[in-house]
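2 protein chains.
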Amino acid sequence: MSQPKKRRRPESEEERFLAAYDSAEFPHPSVAVDVVLLTAAESSLHTVLLRRDGHPHRGKWALPGGFVGMRESLEEAVDRVLAAKAGIEGVFTEQLFTFGAPDRDPRTRVISVAYYALVDHGRLTAACPGNGDVRVARLDVPWPGLEGGGVLATDRDGASLSLAFDHDVILGTTVKRLRGKLDYAPIGFELLPQRFTLRQLQAVHEAVLGRTVNKDSFRRRMLASGLVVATGKREEGVLHRPAELFRFTRSPRA
Amino acid sequence: MSQPKKRRRPESEEERFLAAYDSAEFPHPSVAVDVVLLTAAESSLHTVLLRRDGHPHRGKWALPGGFVGMRESLEEAVDRVLAAKAGIEGVFTEQLFTFGAPDRDPRTRVISVAYYALVDHGRLTAACPGNGDVRVARLDVPWPGLEGGGVLATDRDGASLSLAFDHDVILGTTVKRLRGKLDYAPIGFELLPQRFTLRQLQAVHEAVLGRTVNKDSFRRRMLASGLVVATGKREEGVLHRPAELFRFTRSPRA
DNA sequence: TGAATAGTGTCTATAAGACAATATCCC
DNA sequence: GGGATATTGTCTTATAGACACTATTCA
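Which chain is which? The protein sequence lines are A and B, in order.
If you read the first sequence in the numbering used here, its first letter stands for residue 1, the second for the next number, and so on.
If you read the second sequence in the numbering used here, its first letter stands for residue 1, the second for the next number, and so on.
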């Protein structure tokens, strides 16, 4: 990576000076993080969107985001954004992709490192009531499998939410990534509360994949994976035979 | 800073704030691209490394990299780096990960967007003879499967090459990514010349995966995938029955 | 008792791994 | 012919999908 410039540098002190000089001499892009805060409910994925107050894209809906401080890691910036703009802390996050097209922000050059965060629906609706300038929007993914592309965001009342910048592509990239990781990484559990039924886990998988999955095979795979442990408890308040509640465990048989 | 965006004037407090922030009031991190230029040969992965001429990490070996220009996309920066530092053009590249730890470069804050590039071994050795300050180093991956971690680089004469910055982690992240993508994305072909035998393709897969793969099953999967087409030609100059040469095709039946 | 979903057992089709047999080159 | 690898065919095993059947709750 990284030589600021090809120059002579006999001394380490001069090296530092030159580096500092170079840093100020040329303009640098701004670096931001944008966070796709996802959850699953009602057979669909949902994400948090904020209405833009100013130009550009005034009135459109954007992902929570913010600029990266000079002494702040990318993950620290993500945690800060999640806490400040969505009131959420301590959730699973992972880097998604870096979007750097020179004209993606009309104001100036902004390179955005996108992350996604996964949280269970109950916790998200508790933190984000979903009205005013903060909404929990339903995502409609108009492409199958790993084809990729943009997505559509829909408000609770069915109204379409117009997305700012390239955020429809960021959301689509998130869905594509999750679909690819779902059957080898334990990410489905991050979208559910601590205790869940296998039917709920299947519904989460179906929401991510955008298709139905075979119930029998899904149960077998999950139970054989060793990633789920029966709690002995059962769900309550349902009008049929209650299903057993499981919890996620990283270490089988611990 | 530069580019006075015409006819867009700040209309809100936030807009004014952001405009000021973006301009020059706060320092911005430097943004660089680092490129893992990979190939496969002799049952191992190999990558291009450059000896650092100056501090920090003087004498250690680094990935080809460079800063991203203000009007340049990330991919343009990658192509520029590949052409300037390795003499390679028009190869398959894909974004890997963005490394942004505040102290990863002791001089100043440098956020590096890492890419990997895949090229066949013949083309790489033609462009990079592999002596002097540019080497084609063998990669030894000391972890199995998708566990992840750093890697070791070894020169042709068996000498260990000490890696600069966090470049061992960048290389390890590349290998992990390739292992994950190998059996659902057509990346093995990028590491081979246009015409290849199935045994060569298998050797590439084994180099990436770091383990042997079942020959029969591999042949069946490749032939059933529709991604390889027989050319009718056979390899020459081998001291055994020559294998049929195949080529890669994105569109089966074309 | 009936509706609805949970959970179990079994059969079949498909893909992977193992392995034997034959083919084709160079020496 | 001998050595070496390519290529084909068959058998076994593991897994996914399909489907029938039983279990358990509430209305």
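Ideal placement from N, C-alpha and C gives every residue a C-beta, glycine not left out.
Indicate the three-state DSSP secondary structure (helix, strand or coil) for B/ALA77 in the structure shown.
The answer is helix: DSSP assigns B/ALA77 an H, G or I state.
Answer yes or no: does any C-beta atom of chain A fall closer than 7 Å to that of B/LEU96?
Chain A, which has no Cβ nearer than 7 Å to the Cβ of B/LEU96, makes this no.
Going by the C-beta, is A/ARG195 closer than 6 Å to any heavy atom of the ligand NAD?
With respect to the ligand NAD, the structure shown offers nothing to examine, as it has no ligands at all.
Judging by CA-CA distance, which residue of A/PHE26, A/SER44 and A/PRO29 is the nearest neighbour of A/VAL204?
Nearest C-alpha to A/VAL204: A/SER44.
Going along chain B, which residues have a C-beta under 7 Å from A/HIS28?
Per Cβ cutoff of 7 Å: HIS28, PRO29, SER30 and VAL31.
Restricting to Cα atoms, I'd like to know which of B/ALA137, B/ARG138, B/ASP168 and B/ALA159 is closest to B/GLY150.
Residue B/ASP168 is the option with its Cα nearest to B/GLY150.
Round the Cβ separation of A/PHE92 and A/THR173 to the nearest angstrom and send it over; I've been treating them as touching at under 8 Å.
With 8 Å as the limit, A/PHE92 and A/THR173 do not qualify as a contact, their Cβ atoms being about 17 Å apart.
Just checking: is the beta-carbon of A/PRO64 within a distance shorter than 7 Å of some beta-carbon in chain B?
Not one chain B Cβ lies under 7 Å of A/PRO64.
Can you round the beta-carbon distance between A/ARG135 and A/LEU161 to whole angstroms, since I take them to be within the 8 Å contact cut?
Indeed, because the Cβ distance is near 7 Å, the residues count as touching under 8 Å.
A/PHE165 by DSSP, collapsed to three states: which one?
A/PHE165: coil per DSSP, three-state reduction.
Quick one: list the residues of chain B neighbouring A/VAL113, beta-carbon separation under 9 Å, in chain order.
Chain B residues near A/VAL113: THR98, GLY100, ILE111 and VAL113.
For a test of the three-state rule: what should DSSP assign to B/LYS233, helix, strand or coil?
Of the three classes helix, strand and coil, the one that applies to B/LYS233 here is strand, per DSSP.
Of the residues that make up the segment 121-148 of chain B, which ones have a beta carbon closer than 9 Å to any beta carbon in chain A?
Those would be LEU146, in chain order.
Going by DSSP in three states, A/GLU244 sits in which element: helix, strand or coil?
Note: A/GLU244 maps to strand in three-state DSSP.
Count the other CB atoms, across all protein chains shown, that sit within 10 Å of the CB of A/LYS176; report buried if there are 16 or more and exposed otherwise.
The residue is buried, with at least 16 neighbouring Cβ atoms inside 10 Å.
Three-state secondary structure (DSSP) at B/HIS57?
Of the three classes helix, strand and coil, the one that applies to B/HIS57 here is coil, per DSSP.
Please state if the CB of A/VAL35 and the CB of A/LEU82 are separated by a distance shorter than 7 Å.
In this structure, A/VAL35 lies closer than 7 Å to A/LEU82 by Cβ.
Return the CA-CA distance between A/PHE67 and B/ILE187, expressed in angstroms with no decimal places.
Computed Cα separation, rounded: 34 Å.
Buried or exposed: B/VAL141, going by 16 or more other Cβ atoms within 10 Å of its Cβ?
Buried, by the Cβ-count rule.
If you check the beta carbons only, do B/VAL31 and A/PRO29 fall under 7 Å apart?
For B/VAL31 and A/PRO29, yes; Cβs fall inside 7 Å.
Residues in the segment 63-93 of chain B with C-beta within 8 Å of chain A's C-beta atoms, listed in sequence order?
Of all residues in the segment 63-93 of chain B, LEU63, GLY65, GLY66, PHE67, VAL68, MET70, ARG71, GLU72, SER73 and LEU74 have a Cβ within less than 8 Å of some Cβ in chain A.
What are the residues that DSSP puts in a beta bridge with A/PHE26?
DSSP, once it has assigned bridges, lists no residue as partnering A/PHE26.
My guess is that A/GLY100 and B/VAL113 are in contact by the Cβ rule of under 8 Å, so how many angstroms apart are they, rounded?
Yes, they are in contact, since the Cβ atoms of A/GLY100 and B/VAL113 sit about 7 Å apart, within 8 Å.
Please determine if the segment 151-158 of chain B and the segment 190-201 of chain B are in contact, where contact requires at least 3 C-beta pairs separated by less than 8 Å.
The segment 151-158 of chain B, when compared against the segment 190-201 of chain B, does not touch it at the 8 Å Cβ threshold.
How many angstroms separate the CA atom of A/GLN200 from the CA atom of A/LEU223?
The alpha-carbon atoms of A/GLN200 and A/LEU223 are separated by roughly 14 Å.
When DSSP labels each residue in this structure, what does A/GLN95 get in the three-state scheme?
Note: A/GLN95 maps to strand in three-state DSSP.
Looking only at C-alpha atoms, which of B/LEU245, B/LEU191 and B/VAL110 sits nearest to B/PRO27?
With distances taken between Cα atoms, B/PRO27 lies closest to B/VAL110.
With DSSP collapsed to three states, give me the class of B/ALA159.
Note: B/ALA159 maps to coil in three-state DSSP.
Below 8 Å CB to CB, which residues in the same chain sit around A/ARG234 once its five sequence neighbours on both sides are set aside?
Around A/ARG234: PRO242, ALA243, GLU244 and LEU245.
Taking 7 Å as the limit between beta carbons, can you name the residues of its chain near B/LYS60, skipping five residues before and five after?
For B/LYS60, where only same-chain residues beyond five positions count, the Cβ hits under 7 Å are ARG52, SER162, LEU163 and ALA164.
Looking at the structure shown, is B/GLY32 part of a helix, part of a strand, or coil, going by DSSP?
A small correction: the amino acid at residue 32 of chain B is Ala; Gly does not occupy that position in the sequence shown. Strand, per DSSP.
With a threshold of 7 Å between beta-carbons, can B/PHE248 be considered close to chain A, or not?
Answer no: the Cβ-Cβ gap between B/PHE248 and chain A never drops below 7 Å.
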